[in-house]
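Line order of the protein sequences matches chains A and B. For the first sequence, the residue numbers in this note's numbering are 1 to 624. For the second sequence, the residue numbers in this note's numbering are 1 to 374. Here the structure is laid out as structure tokens; the discussion comes afterwards.
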Amino acid sequence: MPGAFDFDVIVVGGGHAGCEAAAAAARTGANTALITHKLSTIGEMSCNPAIGGLGKGHLVREIDALDGLMGRMADQSGIQFRLLNRSKGPAVWGPRAQIDRKLYREAMQSELADYGNLTLVEDGVEDLIVEGGKAGGVVGQTGKRYRASAVVITTGTFLKGVIHRGEERIEAGRIGEKPAIGLSDRLYAMDLPMGRLKTGTPARLDGKTIDWSQLELQPADDEPTPFSFASERIGVPQISCGITFTNPETHKVIADNIHRSAVYSGAIAGRGPRYCPSIEDKVHRFASKDRHQVFLEPEGLDDNTVYPNGISTSLPTETQEAFIRTIVGLENVRIIQPGYAIEYDYVDPRALTHGLQVKSMPGLFLAGQINGTTGYEEAGAQGLVAGLNAARLVRGEPAAAFDRAEAYIGVLIDDLITHGVSEPYRMFTSRAEYRLALRADNADQRLTNKGIDLGVVGSARAKMFHVKHQSLESGRQLLKSLSLTPNEASKLGWKVNQDGQRRSAWDYLAYPDISLDQIIAAFPEAGGLTERVRRQLAIEATYAGYLERQKADVEQLRRDENLQIPEDLNYSAVGGLSNEVRSKLEAVRPATLGHAARIEGVTPGALVSLLAHVKRRQPERAAG
Amino acid sequence: MPGPASYTGEDTAELYLHGGAAVIEHALDAICSFEDTRLAEAGEFTRRAFENGKLDLVEAEGVADLIDAETRAQKHLALDQLDGRLSRQYEVWRSSLLNALALLEVSIDFPDEDDAPDETREPVARTLREMEASLEKALADDSVGERIRDGFHIAIVGPPNAGKSSLLNKLARREAAIVSDIPGTTRDVVEVRLKIGGQIAWVADTAGLREAADVIEAEGVRRAQQRAASADLRIQVRAADDRTDFSECGEDDLLVVNKIDLAGENAKWPDSAMVISAITGDGIRELERIIANIICAKAGSVGAPLITRRRHRLALESALFHVKQASDLITRGGGAELVAEDVRLASRQLSGLIGEIGVEEILGAVFSSFCIGK
Numbered sequence: 001m002p003g004a005f006d007f008d009v010i011v012v013g014g015g016h017a018g019c020e021a022a023a024a025a026a027r028t029g030a031n032t033a034l035i036t037h038k039l040s041t042i043g044e045m046s047c048n049p050a051i052g053g054l055g056k057g058h059l060v061r062e063i064d065a066l067d068g069l070m071g072r073m074a075d076q077s078g079i080q081f082r083l084l085n086r087s088k089g090p091a092v093w094g095p096r097a098q099i100d101r102k103l104y105r106e107a108m109q110s111e112l113a114d115y116g117n118l119t120l121v122e123d124g125v126e127d128l129i130v131e132g133g134k135a136g137g138v139v140g141q142t143g144k145r146y147r148a149s150a151v152v153i154t155t156g157t158f159l160k161g162v163i164h165r166g167e168e169r170i171e172a173g174r175i176g177e178k179p180a181i182g183l184s185d186r187l188y189a190m191d192l193p194m195g196r197l198k199t200g201t202p203a204r205l206d207g208k209t210i211d212w213s214q215l216e217l218q219p220a221d222d223e224p225t226p227f228s229f230a231s232e233r234i235g236v237p238q239i240s241c242g243i244t245f246t247n248p249e250t251h252k253v254i255a256d257n258i259h260r261s262a263v264y265s266g267a268i269a270g271r272g273p274r275y276c277p278s279i280e281d282k283v284h285r286f287a288s289k290d291r292h293q294v295f296l297e298p299e300g301l302d303d304n305t306v307y308p309n310g311i312s313t314s315l316p317t318e319t320q321e322a323f324i325r326t327i328v329g330l331e332n333v334r335i336i337q338p339g340y341a342i343e344y345d346y347v348d349p350r351a352l353t354h355g356l357q358v359k360s361m362p363g364l365f366l367a368g369q370i371n372g373t374t375g376y377e378e379a380g381a382q383g384l385v386a387g388l389n390a391a392r393l394v395r396g397e398p399a400a401a402f403d404r405a406e407a408y409i410g411v412l413i414d415d416l417i418t419h420g421v422s423e424p425y426r427m428f429t430s431r432a433e434y435r436l437a438l439r440a441d442n443a444d445q446r447l448t449n450k451g452i453d454l455g456v457v458g459s460a461r462a463k464m465f466h467v468k469h470q471s472l473e474s475g476r477q478l479l480k481s482l483s484l485t486p487n488e489a490s491k492l493g494w495k496v497n498q499d500g501q502r503r504s505a506w507d508y509l510a511y512p513d514i515s516l517d518q519i520i521a522a523f524p525e526a527g528g529l530t531e532r533v534r535r536q537l538a539i540e541a542t543y544a545g546y547l548e549r550q551k552a553d554v555e556q557l558r559r560d561e562n563l564q565i566p567e568d569l570n571y572s573a574v575g576g577l578s579n580e581v582r583s584k585l586e587a588v589r590p591a592t593l594g595h596a597a598r599i600e601g602v603t604p605g606a607l608v609s610l611l612a613h614v615k616r617r618q619p620e621r622a623a624g
Numbered sequence: 001m002p003g004p005a006s007y008t009g010e011d012t013a014e015l016y017l018h019g020g021a022a023v024i025e026h027a028l029d030a031i032c033s034f035e036d037t038r039l040a041e042a043g044e045f046t047r048r049a050f051e052n053g054k055l056d057l058v059e060a061e062g063v064a065d066l067i068d069a070e071t072r073a074q075k076h077l078a079l080d081q082l083d084g085r086l087s088r089q090y091e092v093w094r095s096s097l098l099n100a101l102a103l104l105e106v107s108i109d110f111p112d113e114d115d116a117p118d119e120t121r122e123p124v125a126r127t128l129r130e131m132e133a134s135l136e137k138a139l140a141d142d143s144v145g146e147r148i149r150d151g152f153h154i155a156i157v158g159p160p161n162a163g164k165s166s167l168l169n170k171l172a173r174r175e176a177a178i179v180s181d182i183p184g185t186t187r188d189v190v191e192v193r194l195k196i197g198g199q200i201a202w203v204a205d206t207a208g209l210r211e212a213a214d215v216i217e218a219e220g221v222r223r224a225q226q227r228a229a230s231a232d233l234r235i236q237v238r239a240a241d242d243r244t245d246f247s248e249c250g251e252d253d254l255l256v257v258n259k260i261d262l263a264g265e266n267a268k269w270p271d272s273a274m275v276i277s278a279i280t281g282d283g284i285r286e287l288e289r290i291i292a293n294i295i296c297a298k299a300g301s302v303g304a305p306l307i308t309r310r311r312h313r314l315a316l317e318s319a320l321f322h323v324k325q326a327s328d329l330i331t332r333g334g335g336a337e338l339v340a341e342d343v344r345l346a347s348r349q350l351s352g353l354i355g356e357i358g359v360e361e362i363l364g365a366v367f368s369s370f371c372i373g374k
């Protein structure tokens, strides 16, 4: 029946991007299908069994603030929670956890099996249905057609994926899985800009054959910090990870065989991440170091598989075994599955909008590793944005985007679509200009309201948020209403400026040498605030002065972000642009003036020209 | 001027100042000392004008070129016009900031790495202290101030005993430099402030360029060469003789043949050279007129560099503020993220001089110095 659709939104792929995309679309009320070739691998962690960290933990909190899944699933399956950077300020605390792979997969699968508006379909997607230049659904393995108004592709590293191990070459997406040929042919035929990347993974070890008694152990935090704002506490038993080191003997084995490493033999053209070098790279580039740290991370409570974090490699299997067995504690280890490097094509994300829609193919959205990123968290964040926007497109609503001053999600997507990638893109807090504002602790305060407006936050979450928001607000008001003169403060032993100025409890919170407890003691009225509210307000007060100073900056950013540049702008009609600037603008086709300003090489003069041109077009459009 | 009948459409005030650079300099000083006052960003007035509907497309595009030209000129001036010492200084500041940022960011973003130092306070504090001292020194440097105040430097150069000091004395109308018949009398740079054609100029007499007889003269020659290289105008002086040689002069140099009163019959020189006698005064008036013309022609472009230098000074002051703040935070045990914030702001303040320090560059420094990666 022409014009009839099976679904509003189809999500292809059941990884971290796919799960968030499908759930986000479904939460907005769109009739959504998640199609993947194997339902049993939904929520699989194909690389290291950990979630969070610096920047990444921030992303998980943001996904959670928008009522996404990753945070809650991790809280149900985390077996070693650690809050990184505890000794530094709260803006750079990074929640992180080792995850039990099986528990995570099970949690995700049971969550999605019972998710409103969501249908799970087991089928291999072979092709995309394109009608009138728009994406209109997908074709399954047996030729079955699934029709939808928007399609989100989250297929990870399947584009021309090649696994390298020593001299071996295996075409695959992930070990043991066939790459999807039909769908990739379709994407290649669309003539999108593509690039090639590589990444690697270490061997998996049998934990029963590790001599743990020789190893230093790293325990979980005494009090686990959950990812989700909705999680009260962590119920999963906590374990320790082992720490060991490579040694000169290890390095000798590697150096002697380095010509057999796929990376060093020249077999790999794709660019690998600088922050995740193979052990060959480490030994080669940092030859003066006589040891490198290796974390031995158990993959689950009842799983003996251990992930040796720090020794990813593409050496031949026998060399892997030889060098691993030189490491303390691993002398008799059995390798369950050798490590490998994987090379794959990605779509240059500059072909996408801020909503992650392919500019040249309305209705088609891309999220996750296919866009040149790495990491579950980066994938999940993109998935959420793509799913949300696919659903909005179906309903004829304008695309939703997050800016750099409100979310790491905004930083992530803006970086991708502005600069493209030259190595798999990973989030770091140093990428955020407004790092002090974009904290893990306030992700809900930054984003949940917006999520409610966008319809992507469910009612239970919204209610929880309003309660917390209200109690924070009244706590803030209370602390601002209580005050002391400098004289009174100095009687308490506080060092303050004797300028006769009354200061509020809120002001005193910002003093690094006055503790929260001292303040509560000085202002008994504040004793009624819950521990959670007190802590949150103390963090806010710490950064309040800095954020005040950033205000003008953020306002300027928002003004520029509000100046939209039409996507079909003819840049050769814009006078005053050099050829160089023009070709850069044409490559990215920035969405806003602010976006244009962030493209490397775009000058202040060029921005004035662009502004002039865009402003002139607007009244014409309104008139016409 | 009340809006909307102004260039930007907003309420504006324009100051028309008489006199030279010093007046402008003081006026800028006074204005910038108000709170909530800053120099406009590149293209800011034009942008406001456009946003308020005061410019049409063609006008705005015309101004766009000018804005870029000015932005380029400002950086160029910062790096090239001042002597090499300062541009090397910019390089040092840049690498100090990059180094401090890399150390701070590695401790923040890679807390779980064996090779990444968890505590980078000490080296960062050291770097910041050094930077603070050097920014303070640069800001207190009077020679920079002098350059800002006048903007026009003339160097008299040439071989020993060409009569350079006599020419200076003639122009100065007093015995500013010691004159003798002994080649190599002038050892150091002698500088005189003169008013030529209504403009203030600094005229420097320099040691004669030759193989030096001793270390003191050698130093004099080195200084002469440096001054000549940084001058806005070089007056190349040669004694008139039968092989007056201007072969090593620059295209824009003013060629002067001196000692015309002593010239023999076979003396010859290029047609483009001015002919004078610093002793009798022949040709001096004509020389002054030509110098004045050159200064006036260049004075048209003196306004912009002045703002530029004011901009640089403000940038240095603001960077110094943030470096001090960061330094202070480190001493008081403030969080690495707060220290990093001030160092980031300092580097942003200096970006007009040293170029932006982008996150990719910082990460590049991190990954090349530390073995990061699990």
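Quick reminder that beta carbons are idealized off the backbone N, C-alpha and C, glycines included. Bear in mind that the values here come from a model prediction, so they are computed numbers and not experimental data.
- The Cβ of residue 50(B) sits closer than 8 Å to at least one Cβ of chain A.
- For residue 339(A), the nearest beta carbon of chain B is not closer than 8 Å to its own beta carbon.
- Burial state of residue 403(A) is buried, judged by a 10 Å Cβ sphere holding 16 or more other Cβ atoms.
- Pairing residue 190(A) with residue 361(A) gives a Cβ-Cβ distance under 8 Å.
- Between residue 35(A) and residue 121(A), the beta carbon gap of about 4 Å places them in contact (Cβ cut-off 8 Å).
- Chain-order list of chain B residues neighbouring residue 546(A): 338, 341, by C-beta distance under 9 Å.
- Between the C-alpha atoms of residue 238(A) and residue 220(A) there is a straight-line separation of about 6 Å.
- The continuous alpha helix (DSSP H) containing residue 25(A) extends over residues 16–27.
- Interface annotation for the region 591–615 of chain A against chain B: 603, 604, 605, 606, 607, 608, 609, 611, 612, 613, 615, criterion Cβ-Cβ distance under 8 Å.
- Residue 9(A) sits in a strand when the DSSP states are folded into three classes.
- Residue 318(A): member of the alpha helix (DSSP H) spanning 317–324, first to last residue.
- DSSP, read as helix, strand or coil, puts residue 135(A) in strand.
- Around residue 48(B), the same chain offers 8 as residues with beta carbons nearer than 6 Å, after the five sequence neighbours per side are excluded.
- By the rule that beta-carbons nearer than 8 Å mark a contact, residue 88(A) touches chain B.
- Of all C-beta pairs linking the region 94–101 of chain B to the region 258–273 of chain A, fewer than three are shorter than 8 Å, placing the two stretches out of contact.
- Contact check between the region 327–338 of chain A and the region 151–163 of chain A: fewer than three CB pairs, one atom from each, fall below 8 Å, which does not count as touching.
- Within the region 262–278 of chain A, the residues whose Cβ lies closer than 7 Å to any Cβ of chain B are, in chain order, 274, 275, 276, 277.
- Within the region 413–430 of chain A, the residues whose Cβ lies closer than 7 Å to any Cβ of chain B are, in chain order, 428, 429, 430.
- If you draw a straight line from the Cα of residue 108(B) to the Cα of residue 554(A), it is about 23 Å long.
- When DSSP assignments are scanned along the region 242–330 of chain A, the uninterrupted stretches of alpha helix (DSSP H) that are 4 or more residues long and fall wholly within it turn out to be 248–256, 279–285, 317–324.
- The Cβ neighbour count for residue 38(B), taken over all protein chains shown within 10 Å, is under 16; the residue is labelled exposed.
- Chain-ordered listing is empty here: chain A has no CB closer than 8 Å to the CB of residue 246(B), the nearest sitting near 40 Å.
- Given a length threshold of 3 residues, each whole run of the beta strand (DSSP E) inside the region 246–319 of chain B is given here in chain order: 254–258.
- Within its own chain, the residues whose Cβ lies closer than 8 Å to the Cβ of residue 50(B), once the five positions on either side in sequence are excluded, are 60, listed in chain order.
- A contact between stretches requires three or more CB pairs, one per stretch, nearer than 8 Å, and the region 79–93 of chain A fails this requirement with the region 21–35 of chain A.
- Using a C-beta cut-off of 8 Å, the region 186–201 of chain A makes contact with the region 348–361 of chain A, since at least three inter-stretch Cβ pairs fall below that distance.
- Selection 125(A), 126(A), 76(A) evaluated against residue 102(A) yields 76(A) as nearest (Cα-Cα).
- Taking C-alpha positions only, residue 17(B) is separated from residue 40(B) by approximately 19 Å.
- Per DSSP, residue 405(A) lies in no beta strand (DSSP E) segment and is marked neither H nor E.
- When secondary structure is reduced to three states using DSSP, residue 584(A) falls in the helix class.
- Listed along the chain, the chain A residues whose CB falls inside 7 Å of the CB of residue 352(B) amount to none; the nearest CB is some 11 Å away.
- Beta-bridge partners assigned by DSSP to residue 206(B): none are found.
- Just so you know, the alpha carbons of residue 249(B) and residue 315(B) end up roughly 37 Å apart.
- Contact annotation: residue 157(B) and residue 209(B) have beta-carbon atoms nearer than 8 Å.
- With fewer than 16 other beta carbons inside 10 angstroms of its own, residue 222(A) counts as exposed.
- Contact note: residue 112(B) reaches chain A through 84, using a C-beta cutoff of 7 Å and chain order.
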